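What follows is a short report on a single structure.
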Amino acid sequence: MSDIELLRAVCKELLLEQTSEQLQELLSFLYAVVDEDEEEVRQRLPEICGRYPSLKKFQGTRATSKPSMQRKGGSRGVMGNRHDPLERGWMPGGKPRQV
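Position in the sequence shown (from 1) plus 9 gives the number in our numbering.
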């Protein structure tokens, strides 16, 4: 499983939550994933997976290991995407971004 898949699954759970306490918990975990806080993600993932069955597939996967959180080619991290047109210099509407 990739970090992006984990982020999408957590965001999906965020949209379904009803209480502010559960939203706070998921947002806090989401920040740990985005900030590449490997220790916190590894520590909290089993608890989060226990509460949210849709996240169980990420328990014990590469999404919690350091190699998947550190991409080749720099420190782009979880959100880096070489296929993202915005990162290649294009703005929405197909116009080149002024650099």
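C-beta atoms are modelled at their ideal positions from N, C-alpha and C, and glycine is treated no differently.
No experiment lies behind these values; they were computed from the predicted model shown.
With residue i as the anchor, note down where its alpha helix (DSSP H) starts and where it stops.
i          : result
residue 15 : 12–25
residue 32 : 29–43
residue 54 : 47–60
Within the same chain, show all residues whose beta-carbon is closer than 8 Å to that of residue i, passing over the 5 residues directly before and after it, in chain order.
i          : result
residue 32 : 23, 26
residue 39 : 16, 19, 20, 23
Excluding five sequence neighbours on each side, which residues of the same chain lie with their C-beta closer than 6 Å to the C-beta of residue i?
i          : result
residue 61 : 22
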